[in-house]
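**Q** Under this note's numbering, the first residue of the sequence shown is numbered 1, with each subsequent residue one higher.
We put the beta carbon where it would ideally sit given N, CA and C, even for glycine.
Keep in mind it's a predicted model, so treat the numbers as computed, not measured.
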Amino acid sequence: MSSVTSISSVSNNVRQRVTPEEWEVRVKLAAAYRLAALYKWTDHIYTHFSARVPGPDEHFLINAFGLLFDEISASNLVKVDLDGTIVDDPTGLGINYAGYVIHSAIHGARHDLQAVLHTHTRDGIAVSAQKDGLLPISQHSIGFSGRVAYHGYEGVALDLDERERLVADLGDKSVMILRNHGLLTAGVSVEHAFQQLQQLERACNIQVAAQAAGNAELIFPPAEVVQKVEQQAKVFASGDGPGVARHWNALVRQLERTDTDYKN
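1. Is any heavy atom in the ligand MG found nearer than 7 Å to the beta carbon of K234?
2. What does the Cβ neighbour count give for T85, buried or exposed, with the cut at 16 atoms within 10 Å?
3. Using C-beta distances below 8 Å, list every residue in its chain close to K79, excluding the 5 sequence neighbours before and after it, in chain order.
4. In whole angstroms, what is the alpha-carbon distance linking K40 and F49?
5. For the stretch 1-67, which segments carrying the beta strand (DSSP E) assignment without a break, of at least 3 residues, lie completely within its bounds, in sequence order?
6. Give me the residue from P136, P20, D261 with the minimum Cα distance to Q227.
7. Between which residues of its own chain and S3 is the CB-CB distance below 6 Å, once the five residues before and five after are set aside?
8. So I102 is in the alpha helix (DSSP H); what residue range does that whole segment cover?
9. In chain order, what residues of the same chain lie with their CB nearer than 8 Å to the CB of S189, ignoring the 5 residues before and after it?
10. Curious, which full-length alpha helix (DSSP H) runs of at least 4 residues does the stretch 124-156 contain?
11. Per DSSP, what kind of secondary structure is K263 in: helix, strand or coil?
12. Return helix, strand or coil for I177, following the three-state DSSP convention.
13. Out of curiosity, what's the CA-to-CA distance linking A126 and A30?
14. Enumerate in chain order the residues of its own chain whose CB-to-CB distance from H140 is below 7 Å, with the five nearest sequence positions on each side excluded.
15. Using the Cα positions of T183 and M176, report the straight-line distance between them to the nearest angstrom.
16. Ordered along the chain, which non-local residues of its own chain (more than five positions away) have a Cβ less than 8 Å from that of S145?
17. If I follow the unbroken beta strand (DSSP E) through V78, where does it start and stop?
18. What three-state label does DSSP hand H118 in the structure shown?
19. Using CA coordinates, which residue listed in G241, H44, Q16 is at the minimum distance from G187?
20. Which stretch, first to last residue, makes up the alpha helix (DSSP H) that contains V208?
21. Kindly indicate the opening and closing residues of the alpha helix (DSSP H) around A186.
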C-alpha cells in the first residue's frame, strides 16, 4: 500500500471481525498515537505504542511499520502474538521488528500491564544519556522518585535475548528510561500508560531547560520532601484512581477538536 487513501480503504471490515472489547482498546491506542503526534513526540515512523488484546490469546496491537503516528487508526493497527507471528495486518505493511522485541518482552512477562508506550523525543533521549538520569528537581520528576528503572543501551533492539535483560531491569516498575535511546512507560490501561508518559516527557523537558541555564545552581528539595511527594504520587502511579480517567477524557476532548479519524 503506497498511500494513506489505500491504507484506509482496506480497513473497513476490521470492526466487524473483532470483539467489542478489542475495538475499544484499538480506539484508545489509536488515540494515543494521534495525541503523541499532536504533542510532537514522534520520530518519523520509528517508535511504537502497543496494547494487549483482551481475551485468552497472547496477542497485542502495534503500529504498522511505515505509517506516521497521525495516520494510525483503530482499524489499521496490526495484531501480533508473542512469537512475532502476524495475526492480522490490514495494511500488509508488517511491523518494526525492534518494536516487536521491546513490546513482546514486556507483554510476555508482565500481565499486569496492558499497554506499553515508547518514544524517542529529544529531551527524553537527552536525559537518558545523562549519568544521573532523571533528577528530582521538579514536581513532575519527583513524582517518579523510586519508580524509574534503567536499561543500558545494547544497540538497535533486534536481538531476542535482550528481552530477558530488559524485563529484568524493569523489575516490578512500569516506567523505564532506555539509556541513549528514549523513554518507556507501561500501564494497567492505555490511559494510564499515556498519563505516565506525558508526565515523564514533561519532567525531561523541565530538566533539559533547567540545565540549559548554564552555571545556575539547581535546587534539590530535601529528602523528606521527596519522600512525601513519592508517597503522594503513588495514588496516580497505580492507575486505579479517578484521576486517570479525568486526565484521559480531557486529552480526548482536545484531540477531537481537530481529529476524529482515529476512531475509524
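**A** Once the coordinates are examined:
1. Although the ligand MG was asked about, the structure shown includes no ligands whatsoever.
2. By 1-based counting over the sequence shown, the position of residue 85 is 85. Classification for T85: exposed.
3. Working through the sequence shown from its first residue, we reach residue 79 at position 79. Once the five neighbours on either side are set aside, the close Cβ partners of K79 are V53, H59, F60, L61, I86, V87, D88, D89.
4. As a position in the sequence shown, residue 40 is number 40, starting the count at 1. As a position in the sequence shown, residue 49 is number 49, starting the count at 1. Cα to Cα, K40 sits roughly 15 Å from F49.
5. 48-52, 59-62
6. Position 227 of the sequence shown, counting from 1, holds the residue named residue 227. Checked all of P136, P20, D261; the closest Cα to Q227 is P136.
7. Indexing the sequence shown from 1 puts residue 3 at position 3. Summary for S3: the model assigns pLDDT 49, below 50, so the residue's position carries little reliability; its value from the coordinates is reported in the next sentence. Result list for S3: empty, nothing under 6 Å.
8. As a working mapping, residue 102 is identified with position 102 in the sequence shown. Here the alpha helix (DSSP H) through I102 covers 97-109.
9. Position 189 of the sequence shown, counted from the first residue, corresponds to residue 189. Only K28, Q114, A115, G239, V244 meet the Cβ criterion.
10. 139-142
11. As a first step, residue 263 is located in the sequence shown; it is residue number 263 there, counting from the start. If DSSP states are grouped into helix, strand and coil, K263 belongs with the helices.
12. Looking up residue 177 in the sequence shown gives position 177. Here I177 sits in strand by DSSP.
13. Within the sequence shown, the letter at position 126 stands for residue 126. Within the sequence shown, the letter at position 30 stands for residue 30. Their backbone Cα atoms lie some 27 Å apart in a straight line.
14. Locating residue 140 in the sequence shown gives position 140, where the first residue counts as 1. So the qualifying residues of the chain are Q199, R202, A203, I206.
15. As a first step, residue 183 is located in the sequence shown; it is residue number 183 there, counting from the start. As a first step, residue 176 is located in the sequence shown; it is residue number 176 there, counting from the start. For the record, residue 183 in the displayed sequence is Leu; it is not Thr. Their backbone Cα atoms lie some 6 Å apart in a straight line.
16. Here residue 145 refers to the residue found at position 145 when the sequence shown is read from its first residue. So the list reads P136, V226, Q227, V229, E230, A233, once near-sequence residues are dropped.
17. Within the sequence shown, residue 78 is the residue found at index 78, counting from 1. Where V78 is concerned, the enclosing beta strand (DSSP E) stretches over 78-81.
18. Along the sequence shown, one-based indexing puts residue 118 at 118. DSSP places H118 in strand when its eight states are reduced to three.
19. Translated into positions along the sequence shown, residue 187 becomes position 187. Selected option, being the one with the closest Cα: G241.
20. In the sequence shown, the residue the question calls residue 208 occupies position 208. Taken as a continuous stretch (DSSP letters only), the alpha helix (DSSP H) holding V208 covers 190-211.
21. By 1-based counting over the sequence shown, the position of residue 186 is 186. Here A186 belongs to no alpha helix (DSSP H); instead the beta strand (DSSP E) covers 182-187.
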